[in-house]
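K.L.:
As numbered in this note's numbering, residues 24 to 379 make up the sequence shown, in order. Glycine included, C-beta positions come from ideal geometry on N, C-alpha and C. Bear in mind the structure is a predicted one, so any value in this text is a computation, not a measurement. Supplied in structure tokens, the structure appears directly below.
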Amino acid sequence: MIFRQLFDSESWTFTYLLADPDSREALLIDTVFEKHLRDLALVRELDLELKYTLDTHVHADHVTGAWLMRGATGCRIAVAAASGAEGADVYIEDGDEIGVGTVRVRARATPGHTDGCMTYVLADESMAFTGDALLIRGAGRTDFQAGDARRLFHSVRDRILSLPDDCVLYPAHDYSGRTSTTVAEERAHNPRLGDGKREEDFVGYMENLGLPHPKKMQAAVPANLQCGRPGEGDETPALPDWGPVIRTFAGVLEVDPEWVHSHREDVVVIDVREQEEIDATPLGCISGSLMIPLSKLRDRMDEVPKDGPVVTICPAGARSAQAALILEQAGYPKVANLPGGLFRWQALGFPVVQPG
Ligand SMILES: N[C@@H](CCC(=O)N[C@@H](CS)C(=O)NCC(=O)O)C(=O)O
Ligand SMILES: [Fe+2]
Numbered sequence: 024m025i026f027r028q029l030f031d032s033e034s035w036t037f038t039y040l041l042a043d044p045d046s047r048e049a050l051l052i053d054t055v056f057e058k059h060l061r062d063l064a065l066v067r068e069l070d071l072e073l074k075y076t077l078d079t080h081v082h083a084d085h086v087t088g089a090w091l092m093r094g095a096t097g098c099r100i101a102v103a104a105a106s107g108a109e110g111a112d113v114y115i116e117d118g119d120e121i122g123v124g125t126v127r128v129r130a131r132a133t134p135g136h137t138d139g140c141m142t143y144v145l146a147d148e149s150m151a152f153t154g155d156a157l158l159i160r161g162a163g164r165t166d167f168q169a170g171d172a173r174r175l176f177h178s179v180r181d182r183i184l185s186l187p188d189d190c191v192l193y194p195a196h197d198y199s200g201r202t203s204t205t206v207a208e209e210r211a212h213n214p215r216l217g218d219g220k221r222e223e224d225f226v227g228y229m230e231n232l233g234l235p236h237p238k239k240m241q242a243a244v245p246a247n248l249q250c251g252r253p254g255e256g257d258e259t260p261a262l263p264d265w266g267p268v269i270r271t272f273a274g275v276l277e278v279d280p281e282w283v284h285s286h287r288e289d290v291v292v293i294d295v296r297e298q299e300e301i302d303a304t305p306l307g308c309i310s311g312s313l314m315i316p317l318s319k320l321r322d323r324m325d326e327v328p329k330d331g332p333v334v335t336i337c338p339a340g341a342r343s344a345q346a347a348l349i350l351e352q353a354g355y356p357k358v359a360n361l362p363g364g365l366f367r368w369q370a371l372g373f374p375v376v377q378p379g
């Protein structure tokens with residue numbers, strides 16, 4: 024199985040990518056709205072076809088990226104029927120199986136943090152995605168969204184900690200840098216829910232957490248009840264629209280070389296090679312390029328026009344990626360790297376001239 028754990032440092036949320044290496048089909052558990060382009064980039068770079076987004080529950084602290092993902096990939100949105108969310112494609116009940124190719128998860132209703140929480144257990148019970156029912160050495164709060172500490176106690180004890188000892192548990196959040204745990208570990212060391220802790224202990228613990236409500240709760244819950252559909256006027260993570268531009272998983276904006284070739288007149292090309300390098304290797308350059316070595320770019324930025332599209336280039340497209348990042352961070356609204364650089368440009372049969 025292809026498996027990745029992703030993290031959103033704003034909401035401390037984990038997103039999980041699961042995919043079948045043969046069919047290349049994938050599902051994403053608990054996507055985050057603001058991380059849409061990152062997750063999309065990973066799916067694209069791993070050459071996967073996203074089939075489902077799957078949310079463990081109606082989150083109170085962040086908006087799901089499910090609606091955006093469906094729009095971008097045509098995937099189906101899956102949520103628990105008991106979540107009350109509208110606009111999904113698949114409504115999951117306790118015991119249902121969902122998956123892609125050989126990667127299958129079975130839903131276990133684990134209410135208590137919310138009344139629609141699901142834990143998704145991999146078919147061989149080697150992994151489980153517990154949402155906010157079980158957190159590492161903790162548990163999701165039970166003071167809103169129909170939360171119920173007694174219910175959560177039984178959900179976790181009977182439906183999560185009853186899994187095999189070595190089942191690895193992946194929560195939806197961690198607030199101190201921990202990433203996973205196991206059933207045996209939580210049974211031995213969970214201070215609220217581990218072996219020997221009684222329901223009354225747990226209820227007392229949960230009634231006295233004293234946590235402030237999540238900052239985004241007022242907006243997040245209604246949005247998640249619509250599977251993350253943005254409201255009117257809400258800002259959505261979007262790619263620039265001045266050309267066929269993507270953002271890579273590395274965070275770099277890249278533009279299609281063919282488009283640059285056919286729109287050469289509209290684009291300022293910045294060649295960031297150092298002079299010695301140009302002298303030493305007769306690679307040629309794209310006609311009309313502005314020659315600004317990467318090492319001088321920060322000092323010579325006023326030579327780069329701000330409004331029009333700017334495309335950075337170097338032999339292999341690596342240092343020019345850094346140049347694109349520098350310009351983007353400096354506020355250039357239309358900048359992108361030329362992936363593959365001059366080598367690819369020439370391999371595509373596009374012309375170069377000798378630098379003057
Ligand atoms: N400070 C965070 C609070 C996050 C929060 O309350 N998270 C919920 C999950 S949605 C929880 O159960 N937290 C348990 C804990 O913090 O121990 C925010 O504003 O978003
Ligand atoms: Fe939650």
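If I measure Cβ to Cβ from Leu145 and keep anything under 6 Å in the same chain, skipping five residues before and after, which residues do I get?
P.N.:
By 1-based counting over the sequence shown, the position of residue 145 is 122. Closer than 6 Å at Cβ, skipping near neighbours: Val128.
K.L.:
Rounded to the nearest angstrom, how far is the Cβ of Gly227 from that of Arg174, given a contact under 8 Å?
P.N.:
In the sequence shown, the residue the question calls residue 227 occupies position 204. In the sequence shown, the residue the question calls residue 174 occupies position 151. The Cβ separation is near 16 Å, so there is no contact.
K.L.:
On the three-state DSSP scale, how would you describe Ala103?
P.N.:
Along the sequence shown, read from residue 1 onward, the residue named residue 103 stands at position 80. Strand at Ala103.
K.L.:
Pick from Phe225, Glu68, Val268, Glu33: whose alpha carbon is nearest that of Ala42?
P.N.:
Looking up residue 42 in the sequence shown gives position 19. Of the candidates Phe225, Glu68, Val268, Glu33, the one whose C-alpha sits nearest the C-alpha of Ala42 is Glu68.
K.L.:
Considering only residues of the same chain and omitting the five flanking positions on each side of Tyr39, which have a CB-CB separation below 8 Å?
P.N.:
The count along the sequence shown starts at 1 and reaches residue 39 at position 16. So the list reads Phe26, Arg27, Gln28, Leu29, Leu51, Ile52, Asp53, Phe152, Tyr193, once near-sequence residues are dropped.
K.L.:
CB Val81 to CB Phe56, shorter than 8 Å?
P.N.:
Counting from one through the sequence shown, the residue named residue 81 turns up at place 58. Counting from one through the sequence shown, the residue named residue 56 turns up at place 33. No. Outside cutoff.
K.L.:
According to DSSP, what are the bridge partners of Pro194?
P.N.:
Locating residue 194 in the sequence shown gives position 171, counting from the first residue. In DSSP, Pro194 forms a bridge with Gly154.
K.L.:
So, helix, strand or coil for Phe366, using DSSP?
P.N.:
As a working note, residue 366 is residue 343 in the sequence shown. The answer is helix: DSSP assigns Phe366 an H, G or I state.
K.L.:
Here's a check: name, in chain order, each residue in its chain whose Cβ is nearer than 7 Å to the Cβ of Thr202, leaving out the five neighbours to either side.
P.N.:
Position 179 of the sequence shown, counting from 1, holds the residue named residue 202. Correct list, in chain order: Gln28.
K.L.:
Which ranges would you report for the alpha helix (DSSP H) in the segment 300-370 if only whole runs of at least 4 residues count?
P.N.:
Those alpha helix (DSSP H) runs which fall completely within the segment 300-370 and span 4+ residues are 342-352, 364-370.
K.L.:
According to DSSP, is Met92 helix, strand or coil?
P.N.:
As a first step, residue 92 must be located in the sequence shown, where it is residue number 69. Correct three-state label for Met92: helix.
K.L.:
Assuming Gly227 is part of the alpha helix (DSSP H), what are its boundary residues?
P.N.:
Here residue 227 corresponds to residue number 204 of the sequence shown, with the count starting at 1. Taken as a continuous stretch (DSSP letters only), the alpha helix (DSSP H) holding Gly227 covers 222-230.
K.L.:
Within the same chain, show all residues whose beta-carbon is closer than 6 Å to that of Glu297, passing over the 5 residues directly before and after it, in chain order.
P.N.:
Indexing the sequence shown from 1 puts residue 297 at position 274. Correct list, in chain order: Pro316.
K.L.:
Between which two residues does the alpha helix (DSSP H) containing Arg73 stretch?
P.N.:
Reading the sequence shown from its first residue, position 50 is the one you call residue 73. What sits at residue 73 in the sequence shown is Leu, not Arg. No alpha helix (DSSP H) contains Leu73, which is instead part of the beta strand (DSSP E) from 72-77.
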